[in-house]
Amino acid sequence: MPESASVLRLGLDVGGTNLRLGVFSDLALVEDTRFQANYSAICQQNAPELAWQKILQVTAEAIQPLLEKYPAIQAIGIGFPGFINPQSGVLAQSPNFPGLLNVNLGHDLSRMLGRQVLVANDGNAAAYGEYCLLGRPAGGLLYAGLGTGIGGGLVSAGQVWAGAHGYALEIGHLIVEPGGPACGCGNFGCVEQYASATAIGKNYARLGNQQLTAFEVATLAGQGDAQAQSVFQLAGAKLAQAIALTLNIVDVENVVIGGGVVSSWQLMQDAFNQRLQTDLIPVLRDKVKIHLSSSADNAGILGAALLADHVA
């Protein structure tokens with residue numbers, strides 16, 4: 000039965016190939032839905048305006064039935080990949096959506112739905128969701144999400160730290176290999192080009208193999224394919240390099256690693272742990288708690304829903 004007595008929040012996660020929505024009562028998931036929508040493919044066809052209109056249309060059409068089913072929804076929040084100014088809500092650029100520049104999803108959807116919508120960087124949303132699920136630890140939390148790209152977020156003193164322009168903690172775009180593969184952000188050798196699901200498939204192909212998904216590469220690695228194993232070992236080491244660089248600056252107690260690639264963590268773990276201990280400053284070694292996300296992929300939509308309270 001539709002829930003109407005309690006305060007409900009709606010959170011969304013917009014990815015390159017999927018749209019996910021979740022209705023929450025506090026931290027409890029009441030209902031979630033998922034749609035396939037390959038916006039990134041449209042962008043790559045040099046049609047960003049068409050992709051933008053598609054994003055708006057599909058997102059609005061997905062939200063409307065839930066608003067009708069759950070009239071107690073009082074906040075709508077969306078996690079979106081890219082550089083988003085938290086004051087204006089403007090998306091300056093999205094490495095996962097080439098050509099999508101200076102658009103405002105919250106403003107445009109608010110007009111279409113007649114409801115206030117908050118849009119936050121998807122890494123910040125997931126970081127806040129993981130922080131709340133972990134019991135709001137006093138020592139703060141750094142999040143890295145390994146999906147199509149790599150999102151990141153930092154929660155300190157109970158607040159998401161977005162930086163002066165809203166672009167802080169883009170951990171996926173830390174350069175871990177100068178002159179390495181080109182990244183969608185415009186730089187070269189970002190950790191996203193090594194430890195994201197997209198990169199794992201590409202790096203396996205660079206070794207002379209056919210292009211596969213990260214899941215398929217993981218399957219081969221589990222069957223003893225040495226090249227597949229090396230790709231995951233490289234991913235683990237490069238991820239640890241980026242996280243150590245970040246921890247040496249922000250000094251938080253907890254790190255949560257999430258996203259789909261975490262299902263293959265055993266293939267990355269040894270290389271990750273070795274490089275993390277090497278690159279952390281000695282006084283931080285053994286003081287940082289590394290958690291694998293146990294949110295069942297709900298942290299991003301939960302965090303977006305909770306952050307939306309600021310505009311509800």
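Using numbering that gives the first Met the number 0, you'd call the opening residue of the sequence shown number 0 and step up by one each time. Every residue gets a Cβ at the ideal spot worked out from N, C-alpha and C, and that includes glycine. Everything numeric in this text was worked out from a predicted model, so none of it was measured.
Would you list the residues sitting across from residue i in a DSSP beta bridge?
i	result
GLY144	GLY150, GLY257
GLY78	ASP12, ALA119
ILE300	According to DSSP, ILE300 bridges with nothing at all.
SER109	Answer by DSSP bridge pairing: none, since SER109 is not bridged.
CYS189	ILE174
LEU7	ILE72
SER155	GLN158
ALA181	PHE187
GLN92	PHE82, LEU100
In terms of residue numbering, what span does the alpha helix (DSSP H) encompassing residue i cover?
i	result
PHE214	213-221
GLY200	196-205
When the Cα atoms are used, what is the spatial distance from residue i to residue j?
i	j	result
LEU168	ALA143	9 Å
VAL216	LEU275	24 Å
VAL254	ASN297	17 Å
THR147	ILE280	30 Å
ALA295	ASN123	17 Å
GLN86	LEU244	28 Å
VAL159	VAL22	22 Å
ILE149	PRO136	23 Å
LEU18	ASN37	9 Å
GLY171	GLY151	7 Å
ALA125	GLY257	9 Å
GLY259	LEU283	28 Å
SER5	GLU48	39 Å
GLY88	HIS106	8 Å
GLY15	ASN95	6 Å
MET111	LEU206	47 Å
GLY161	LEU153	The sequence shown places Ala at residue 161, rather than the Gly named in the question. Cα-Cα distance, rounded: 8 Å.
HIS290	GLN44	38 Å
ALA220	GLU60	40 Å
GLN27	GLN92	Note that residue 27 corresponds to Ala in the displayed sequence, not to Gln. So the two alpha carbons sit approximately 32 Å from each other.
ASN103	LEU9	19 Å
GLU252	GLY138	5 Å
ALA268	SER293	For the sequence presented, residue 268 should be read as Gln rather than Ala. If I take the Cα positions, the gap works out to 16 Å.
GLY157	ASP308	14 Å
ARG33	GLN56	15 Å
What are the start and end residues of the beta strand (DSSP E) that includes residue i?
i	result
ARG114	First-last for ARG114: undefined, no H or E at that position.
PHE23	17-24
ASN101	100-102
Check whether the Cβ atoms of residue i and residue j lie closer than 9 Å to each other.
i	j	result
LEU7	ILE72	yes
ALA213	THR197	yes
ILE75	ALA304	yes
LEU165	ILE83	Per the sequence presented here, residue 165 reads as Gly, with Leu not at that position. The answer is yes: Cβ separation under 9 Å.
LEU117	TYR130	no
LEU270	LEU246	Per the sequence presented here, residue 270 reads as Ala, with Leu not at that position. In this structure, LEU246 does not lie closer than 9 Å to ALA270 by Cβ.
ALA119	LEU306	yes
ALA236	GLN273	yes
TYR193	VAL175	yes
PHE79	LEU65	no
PRO70	GLY183	no
GLN209	LYS201	no
LEU238	LEU133	no
Practice task
Scan the segment 231-293 and note each continuous beta strand (DSSP E) run of 3 residues or more that stays entirely inside, going in chain order.
Solution key: Along the segment 231-293, the beta strand (DSSP E) occurs as fully enclosed runs of 3 or more residues at 253-257, 288-291, listed in sequence order.
Problem - Segments assigned alpha helix (DSSP H), at least 4 residues, entirely inside the segment 28-90 - result: With a minimum length of 4 residues, the unbroken runs of alpha helix (DSSP H) contained wholly in the segment 28-90 fall at 38-43, 47-68.
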